[in-house]
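Engineer: Just so we're aligned: the sequence shown equals residues 26 to 88 in the numbering used here. The structure's right below; bear with me while I get my questions together.
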Amino acid sequence: MYAFEYQRAKSVADAAAALSKSSGKALAGGQSLVGAMKLRLANPGTVVDLSGIAELKGIKKEG
């Protein structure tokens, strides 16, 4: 695996700011990104963990 910066976003705004960096990638479940990183198929400079963002948890029905 390559070296990368890890950030845990606390809000959608935090995540957007961190992902705007060059080669930033979102980490949600991690199954596809981490696997690709282990195989050296992905080389993100920054990995932004979305699991701490309350607004993204759950499913809401609207309308």
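The beta-carbon is built from N, C-alpha and C at its ideal position, and this holds for glycine as well.
Spatial neighbours of A67 within its chain, please: CB distance less than 8 Å, with the 5 preceding and 5 following residues excluded, ordered by chain position.
Structural biologist: Cβ within range, chain order: K50, L58, A61.
Engineer: To the nearest angstrom, how far is it from the Cα of A42 to the Cα of G88?
Structural biologist: Their backbone Cα atoms lie some 30 Å apart in a straight line.
Engineer: Just mark V73 as buried or exposed, buried being the case when its beta carbon has 16 or more other beta carbons within 10 Å.
Structural biologist: That one is buried.
Engineer: How would you call A28, buried or exposed, if buried means at least 16 neighbouring beta carbons within 10 angstroms?
Structural biologist: The residue is exposed, with fewer than 16 neighbouring Cβ atoms inside 10 Å.
Engineer: Could you check if A53 is buried or exposed, using at least 16 other CB atoms within 10 Å of its CB as the buried criterion?
Structural biologist: So A53 ends up on the exposed side.
Engineer: Rounding to the nearest angstrom, what Cα-Cα distance links A79 and K46 in this structure?
Structural biologist: Computed Cα separation, rounded: 22 Å.
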